[in-house]
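Each residue of the sequence shown is one higher than the one before, starting from 0 at the first, in numbering that gives the first Met the number 0.
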Amino acid sequence: MARRTARRTNGAETNGAAVAGHVKDMKLAREGKRRIEWADRNMPVVRAIRARFAKERPLKGLRIAACLHVTTETANLARTLKAGGAEVFLCGSNPLSTQDDVAAALVAHYDIPTYAIKGEDHKTYYSHILSCIEARPHVTMDDGCDLVTVLHTKKKSYLKDVIAGTEETSTGVTRLRAMAATKVLRYPVIAINDADTKHLFDNRYGTGQSTMDGILRCTNMLIAGSTVVIAGYGWCGRGVATRAKGFGATVLVTEINPVRALEAAMDGFQVVSMEEACPRGDLFVTLTGNKSVLRREHFLAMKDGAIVANSGHFNVEIDIPALERLSSPKREVRQLVDEYKLKGSGRRIYLLGEGRLINLAAAEGHPAMVMDMSFANQAMSVEYLRKKHKSLKRDVFVVPPEIDKTVARLKLASMDVQIDTLTPEQVKYLASWSEGT
Ligand SMILES: NC(=O)c1ccc[n+]([C@@H]2O[C@H](COP(=O)([O-])OP(=O)(O)OC[C@H]3O[C@@H](n4cnc5c(N)ncnc54)[C@H](O)[C@@H]3O)[C@@H](O)[C@H]2O)c1
C-alpha cells in the first residue's frame, strides 16, 4: 500500500512536491485515468460545469473535504471542483466501494489527495476520514454523514472553519435532519438527494441497474423464473423491483409505509410481509435505509440456497451478527459470496458483499450517465453555498429549484431532446384564477 504524504504548512496546503494520499497501489493509476476519462464521456453536464468553473473560478481558495464513493464519476466531480479553484481532499464513504485504480489516478494524475482503499478495515476507514478533516475544510461533501458525524464528535474545534456542506444520499439526509432537529448541526447542509434530478434518476435508474449488475457479477444467477424479494419501495426499491421484473422474476415487495405499499401493489408487484416472503424468495434485496430488516426469524424461515444482498447505505439492513450466531463458521464459496450453514436444519444462506451496498461492492456503482446529474447538483450547490451560506441557518436545505432545473435542461440538451415552451396565452392562463370559468 502506498501512503504518499506531503508536509503541510498550515494544516491544509501541500508543499507541491508530492500529493498526500493513502491508496492501495500507485501502479494502478494509469488504468484509473483511462476509466475516469471513459466515464467523463458520459458526463456532459459535469463537463460543461467544469469548463465554466475553469473560466470563472467560483470556488477559488475553498477547501473541500469529500467523503464519497471513490469511483470514476466521483473523480470527475473532484476534477470539476478543482477546476473551479477549490482544494479537494477525498476519502471513501464505504470500506468496500473504493475503486483502487481511481484512487491511485486521483493522486498521480489529478493532484487530488485521496485516502481510500477497497476492503479497508473499520479503523483505517475512520483514519481516512480524519485525514480529510485534517485539511481543515470550509465545505464538507458527504455520502452517508460519516464525515459530518466525525467532525461534530471528534474534531469539534475544526467546525469553526466550516461554512456549509452537502449530502448525497437518503440515509445521510435522515441523519442530518436528526442532527438539525436536536440542534447539534453546526452549519447549513444542502440535501443533494432531495433534488428531483438526483433521486428520480440516480436512486431509481442508477441503483436499479447497478444493483442487478452487482448481484449478477457476484452470482451469475438466472433471474428469469426466480422469486426476488425487494424490501423497501422507495426510489431505490422501485428501481430494483422494476429491473428484476424486466429480467423475468416474480417480484415480491415488503414495506412499512402504506402509501408506498399501495403504489407497489398498483405498479403490479405482490406486496407481502417479510414473514410471508421468506419461504418463497430466492433472492432478497434490502433498500430501506433501516436496520435489521432481515433478521433471525427471517433467516430461519428462508429456503435452502436463499441469496441475501443489501443495496441500502449501511451494512445494518441485514442482521449479520444474528446470521452468524445461527450458523456454523461462514465459508467464502465465490468472490464476495459467503455461505452460512444454519445449525440444525443445515439450510444454506448466501450473503453477498458482506451486506455492504452490493452495486458498489461487486460492480462499479451507478453509470456515469446518471451520476452526471447527481454530481452536477453537487458542484452547483457548492457554488451556491459559497455565495449564500451567510444567509442560511444551521439546517438541512433542499437544492435550490433553479439548480435542479438547470441540471435537467443541460441534461436534455446533451441528449438532444427538445421540449415545448409556454405561449404568452398559456402563461396568462396559468397565472389567472378567473380563466376557464
Ligand atoms: N446503492 C446505492 O448506490 C444507493 C444509491 C442511493 C441511495 N442508497 C441508499 O438506499 C437506501 C434507500 O434509499 P431510497 O432513496 O430508496 O430511500 P426512500 O426513503 O425513498 O425509501 C426507503 C423505503 O424503505 C421503506 N422501509 C423502511 N423500513 C422498512 C422495513 N423495515 N421494511 C420494509 N420497508 C421499509 C420506507 O418506508 C421507504 O419507502 C438508503 O439507505 C440510501 O442511502 C443507495
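Built from N, CA and C at the ideal position, the CB exists for glycine as well. The structure presented is a predicted model; accordingly, all values stated were derived computationally and were not measured.
How far does the alpha helix (DSSP H) with residue i in it extend, from its first residue to its last?
i      : result
Ala361 : Neither: Ala361 is in no alpha helix (DSSP H) and is coded neither H nor E.
Leu129 : 121-132
Ala102 : 99-109
Glu72  : 71-82
Pro423 : 423-430
Gly171 : 169-180
Terminal residues of the continuous beta strand (DSSP E) containing residue i?
i      : result
Gly164 : 163-166
Asn309 : 305-309
Ile35  : Per DSSP, Ile35 belongs to no beta strand (DSSP E); it is in the alpha helix (DSSP H), 28-40.
Ala190 : 188-190
Val87  : 86-90
Thr226 : 226-230
Arg62  : 62-66
Gly20  : 20-22
Please identify the residue among the options whose C-alpha is closest to the C-alpha of residue i.
i      : options                        : result
Val87  : Arg135, Pro94, Ala47, Leu359   : Arg135
Gly333 : Thr210, Asp195, Leu215, Phe52  : Reading the sequence as shown, one finds Arg at residue 333 and not Gly. The residue with the shortest Cα to Cα distance from Arg333 is Leu215.
Val406 : Arg393, Met379, Tyr125         : Met379
Asp281 : Ile418, Gly267, Ser431, Ile348 : Ile348
Val44  : Ala367, Cys90, Asp120, Gln208  : Ala367
Glu133 : Lys153, His121, Lys122, Gly143 : Lys153
Ser310 : Val284, Lys329, Arg330         : Val284
Phe374 : Pro257, Glu167, Arg279         : Glu167
Ser169 : Tyr125, Glu434, Trp234         : Trp234
Asn289 : Gly236, Leu299, Lys340, Asp303 : Gly236
Val395 : Asp266, Met301, Ala103, Thr165 : Thr165
Tyr383 : Arg393, Asp371, Met372, Glu401 : Glu401
Met178 : Val18, Thr196, Val149          : Val149
Ser353 : Leu105, Asp120, Asp110         : Note that residue 353 corresponds to Glu in the displayed sequence, not to Ser. Per the Cα distances, Asp120.
Lys155 : Phe313, His127, Leu184, Thr287 : Leu184
Gly343 : Leu286, Leu299, Leu293         : Leu299
Val18  : Ser433, His108, Gly118         : His108
Arg110 : Leu325, Ala77, Pro320          : A small fix is needed here, since residue 110 is Asp in this sequence, not Arg. Taking only the C-alpha atoms, the option nearest Asp110 is Ala77.
Gly345 : Pro257, Leu356, Leu325         : Leu325
His312 : Ala104, Asp39, Thr173          : Thr173
His127 : Glu424, Gly304, Lys159, Pro94  : Pro94
Excluding the 5 residues preceding and the 5 following residue i in the sequence, name in chain order all residues of the same chain whose CB lies nearer than 6 Å to its CB.
i      : result
Gly15  : In this predicted model, Gly15 has a pLDDT of only 43, less than 50, meaning its place in the structure is not dependable; the value taken from the coordinates is given anyway. Excluding sequence neighbours, Gly15 sits near nothing in its chain.
Leu359 : His68, Ser96
Ile306 : Leu282, Tyr349
Ala194 : Asn376, Val398, Asp403
Ala248 : Ile222, Ser225, Val227
Val369 : Phe200, Asp201, Tyr204, Gly205
Arg34  : Thr71
Cys442 : Absent from the model: residue 442. The displayed extent of the chain is 0 to 436, so no value can be given.
Leu391 : Pro187
His198 : Asn192, Trp234
Arg7   : At Arg7, the pLDDT of 31 sits below 50, so the modelled position is not reliable and the matter cannot be decided from this model.
Helix, strand or coil for residue i, going by three-state DSSP, please let me know.
i      : result
Thr149 : In the sequence on display, residue 149 carries Val and not Thr. Of the three classes helix, strand and coil, the one that applies to Val149 here is helix, per DSSP.
Gly207 : helix
Phe396 : strand
Gly53  : Correcting the residue type first, residue 53 is Ala in the shown sequence and not Gly. Three-state DSSP puts Ala53 in a helix.
Tyr114 : strand
Val416 : coil
Asp141 : strand
Leu221 : coil
Thr405 : helix
Thr241 : helix
Leu391 : coil
Leu251 : strand
Ala194 : coil
Pro43  : helix
Arg3   : A caution first: Arg3 carries a pLDDT of 48, below 50, which makes its placement in the model unreliable, though a value can still be read off. Note: Arg3 maps to strand in three-state DSSP.
Asn93  : coil
Gly213 : helix
Phe467 : Because the chain is modelled from 0 through 436, residue 467 falls outside the range shown and cannot be assessed.
Between which residues of its own chain and residue i is the CB-CB distance below 8 Å, once the five residues before and five after are set aside?
i      : result
Ala260 : Tyr232, Val252, Glu254, Val270
Met211 : Ile222, Val239, Arg242, Ala243, Phe246
Leu429 : Leu421
Leu175 : Cys144, Val147, Glu166, Leu184, Val188, Ala190, Val395
Leu293 : Ala230, Met273, Phe283, Thr285, Val307, Glu316, Ile317, Asp318
Who are the Cβ neighbours of residue i in its own chain at under 7 Å, not counting the five residues just before and after it?
i      : result
Ala276 : Val228, Leu251, Thr253
Ile48  : Thr79, Ala375, Ala378, Met379
Glu338 : Lys329, Arg330, Val332, Arg347, Tyr349
Val336 : Cys217, Thr218, Tyr349, Leu351
His388 : Ile162, Ala163, Pro187
Glu30  : Asp100
Ala264 : Val270
Under 8 Å: does the beta carbon of residue i sit that close to some heavy atom of ligand 3?
i      : result
Phe313 : Judged by which ligands are present, ligand 3 is missing from the structure shown, whose ligands are ligand 1.
Restricting to runs no shorter than 3 residues, where is the beta strand (DSSP E) found entirely within the region 315-388? 330-333, 336-340, 347-351
What ranges does the beta strand (DSSP E) occupy inside the region 254-304, keeping only unbroken runs of at least 3 residues that lie completely in it? 282-285
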